[in-house]
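For the sequence shown, my numbering gives the first residue as 414, with consecutive numbering after it.
For glycine and all other residues, C-beta sits at the position ideal for the given N, C-alpha and C.
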Amino acid sequence: MLIVENLSYTYTDTKVLDSIHFSLAPGEVLSIVGASGSGKSTLLKAIYGLFDLEQGKISWRGTPVLGPSHNLVPGFAKMKYLAQDFGLMPYMTVEENVGKYLSNLDLRKKRARVQELLEMTLMQDYAKVKPVLLSGGQQQRVGLAQALAQAPEVLLLDEPFSQTDSFLKNNIRQNLFAFVKAHQITTLVATHESQESLGFSDRIMILREGKQLLIDTPKRVYYSQNEYVASLFDLVNKVQVAGQWRLYYPHQLRVVAQSPWQATVEGCYFQGAYYLLVCRTVEGHVYVKHTEKIEKEKKVCLKIES
Numbered sequence: 414m415l416i417v418e419n420l421s422y423t424y425t426d427t428k429v430l431d432s433i434h435f436s437l438a439p440g441e442v443l444s445i446v447g448a449s450g451s452g453k454s455t456l457l458k459a460i461y462g463l464f465d466l467e468q469g470k471i472s473w474r475g476t477p478v479l480g481p482s483h484n485l486v487p488g489f490a491k492m493k494y495l496a497q498d499f500g501l502m503p504y505m506t507v508e509e510n511v512g513k514y515l516s517n518l519d520l521r522k523k524r525a526r527v528q529e530l531l532e533m534t535l536m537q538d539y540a541k542v543k544p545v546l547l548s549g550g551q552q553q554r555v556g557l558a559q560a561l562a563q564a565p566e567v568l569l570l571d572e573p574f575s576q577t578d579s580f581l582k583n584n585i586r587q588n589l590f591a592f593v594k595a596h597q598i599t600t601l602v603a604t605h606e607s608q609e610s611l612g613f614s615d616r617i618m619i620l621r622e623g624k625q626l627l628i629d630t631p632k633r634v635y636y637s638q639n640e641y642v643a644s645l646f647d648l649v650n651k652v653q654v655a656g657q658w659r660l661y662y663p664h665q666l667r668v669v670a671q672s673p674w675q676a677t678v679e680g681c682y683f684q685g686a687y688y689l690l691v692c693r694t695v696e697g698h699v700y701v702k703h704t705e706k707i708e709k710e711k712k713v714c715l716k717i718e719s
């Protein structure tokens, strides 16, 4: 089990991480979500052992994870960390980069391992190509394959899909998380893609200015009544119901034929699968997802989806 206890870290008089605490079982996937500068990347680096902590403890299966003052080469041996710069050797081929830390005692096994990881990241057609000739997204996928090559027990991923094309991202994401589940690799993902994190995470942590606001299942995090947390996932409507203010996403409001809650459409924006309506009510503006286009200034009735 990965255990993080009361972790704090200060850099240039700024507290970047403040009293972070959680534990993860083998094979569990945790997404770390927050705005830029919230401490996501710093938390991954701290867990990997790249910093000497000002406060707190980190351990993996009972073994302490210590910082650079205790290790000649920083970084915990049972973990692999994929940073945003990927760390590839530019003049080695893709397959050489993926397999560079693997033993040559059994070349057939090594080749099979490299091929498996290249197929998982959809990079098998580029095995003989050097990274200097690849796009940023392709280099990112090679870095991911390289991080997995040595079968780490803990995988730390910093924005692993940030440069990957949208039409490839879903397949690679599905392949990756099927792989880590099958091999029981505990995985932490720092990401700004909060919506996408819902589908593959066992739990989600929300960071804000270095503080841990919430850690829970994706469904509970998504439907949190904390306005900052909810705003990370979609537009948020603040609506008064029975004397209490509640938060609702646009898909939770409906246009209906009759309702005491009336509004005027101020904007209608095509979003592909739906139209996003911006409506003015007596309490303020709300956002509503709707199946059809509605002209501006039209009066509509709204209802909260039960």
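Straight-line gap, residue i to residue j (C-alpha atoms, nearest Å)
{"i": "Cys-714", "j": "Pro-544", "result": "56 Å"}
{"i": "Ile-416", "j": "Val-634", "result": "21 Å"}
{"i": "Gln-528", "j": "Gly-440", "result": "23 Å"}
{"i": "Ser-637", "j": "Ala-643", "result": "6 Å"}
{"i": "Asn-584", "j": "Leu-561", "result": "17 Å"}
{"i": "Val-542", "j": "Ala-490", "result": "29 Å"}
{"i": "Glu-696", "j": "Trp-674", "result": "10 Å"}
{"i": "Phe-580", "j": "Ala-670", "result": "38 Å"}
{"i": "Thr-630", "j": "Val-668", "result": "30 Å"}
{"i": "Glu-705", "j": "Tyr-662", "result": "18 Å"}
{"i": "Thr-427", "j": "Leu-485", "result": "27 Å"}
{"i": "Lys-712", "j": "Thr-694", "result": "10 Å"}
{"i": "Glu-509", "j": "Ile-717", "result": "56 Å"}
Beta-bridge pairing of residue i - partner residues as DSSP gives them
{"i": "Leu-689", "result": "Tyr-682, Lys-702"}
{"i": "Ala-603", "result": "Ile-445, Asp-571"}
{"i": "Gly-697", "result": "Thr-694"}
{"i": "Ala-655", "result": "None, per the DSSP bridge assignment."}
{"i": "Val-417", "result": "Phe-435, Ile-471"}
{"i": "Pro-477", "result": "Ser-472"}
{"i": "Tyr-422", "result": "Leu-430"}
{"i": "Asp-629", "result": "Ile-617"}
Distance CB(residue i)-CB(residue j) smaller than 8 Å
{"i": "Met-533", "j": "Asn-588", "result": "yes"}
{"i": "Val-699", "j": "Val-652", "result": "yes"}
{"i": "Asn-639", "j": "Leu-626", "result": "yes"}
{"i": "Met-492", "j": "Pro-565", "result": "yes"}
{"i": "Val-701", "j": "Leu-666", "result": "yes"}
{"i": "Thr-600", "j": "Val-446", "result": "no"}
{"i": "Arg-616", "j": "Ile-628", "result": "yes"}
{"i": "Ser-780", "j": "Leu-430", "result": "Outside the modelled stretch of the chain, which goes from 414 to 719, sits residue 780, for which no answer is possible."}
{"i": "Gly-462", "j": "Gly-500", "result": "no"}
{"i": "Gly-469", "j": "Asn-419", "result": "yes"}
{"i": "Gln-559", "j": "Val-602", "result": "no"}
{"i": "Val-567", "j": "Trp-473", "result": "yes"}
{"i": "Thr-425", "j": "Glu-467", "result": "no"}
{"i": "Glu-710", "j": "Cys-692", "result": "no"}
{"i": "Leu-457", "j": "Ile-433", "result": "no"}
For residue i, the nearest candidate out of the options (CA to CA)
{"i": "Thr-677", "options": "Thr-506, Leu-690, Gln-665, Ala-686", "result": "Leu-690"}
{"i": "Leu-575", "options": "Ala-564, Met-414, Gln-657, Gln-551", "result": "According to the sequence as given, residue 575 is Ser; it is not Leu. Out of Ala-564, Met-414, Gln-657, Gln-551, Gln-551 has the C-alpha closest to the C-alpha of Ser-575."}
{"i": "Glu-708", "options": "Ala-686, Cys-681, Val-701, Glu-718", "result": "Cys-681"}
{"i": "Gln-563", "options": "Glu-718, Arg-586, Lys-513", "result": "Lys-513"}
{"i": "Tyr-687", "options": "Trp-674, Ser-672, Gln-671, His-664", "result": "His-664"}
{"i": "Ile-471", "options": "Met-414, Lys-523, Trp-658, Thr-506", "result": "Met-414"}
{"i": "Lys-632", "options": "Ser-607, Asn-650, Gly-549", "result": "Ser-607"}
{"i": "Thr-604", "options": "Leu-645, Ala-525, Phe-580", "result": "Leu-645"}
{"i": "Tyr-539", "options": "Glu-467, Met-505, Lys-624, Thr-630", "result": "Met-505"}
{"i": "Leu-530", "options": "Val-507, Lys-582, His-703, Thr-427", "result": "Val-507"}
{"i": "Ala-448", "options": "Pro-477, Asp-465, Thr-577, Tyr-641", "result": "Tyr-641"}
Within-8 Å CB hit, residue i to chain D
{"i": "Leu-690", "result": "Judged by its chain identifiers, the structure shown contains no chain D, having just a single protein chain."}
Original post:
If we count Cβ pairs, one from each stretch, closer than 8 Å, do we get three or more for the region 589-602 versus the region 508-518?
Top reply: no
**OP:** Could you tell me whether the region 487-505 touches the region 568-578, where touching means 3 or more Cβ pairs closer than 8 Å?
**Re:** yes
Original post:
Are there three or more Cβ pairs, one per stretch, closer than 8 Å when the region 607-622 is compared with the region 449-457?
Top reply: yes
**OP:** Decide if the region 428-444 is in contact with the region 480-495; the criterion is three or more beta carbon pairs, one per stretch, under 8 Å apart.
**Re:** no
**OP:** Decide if the region 606-614 is in contact with the region 546-563; the criterion is three or more beta carbon pairs, one per stretch, under 8 Å apart.
**Re:** With a cut-off of 8 Å, the region 546-563 and the region 606-614 do not count as touching, because too few Cβ pairs lie within range.
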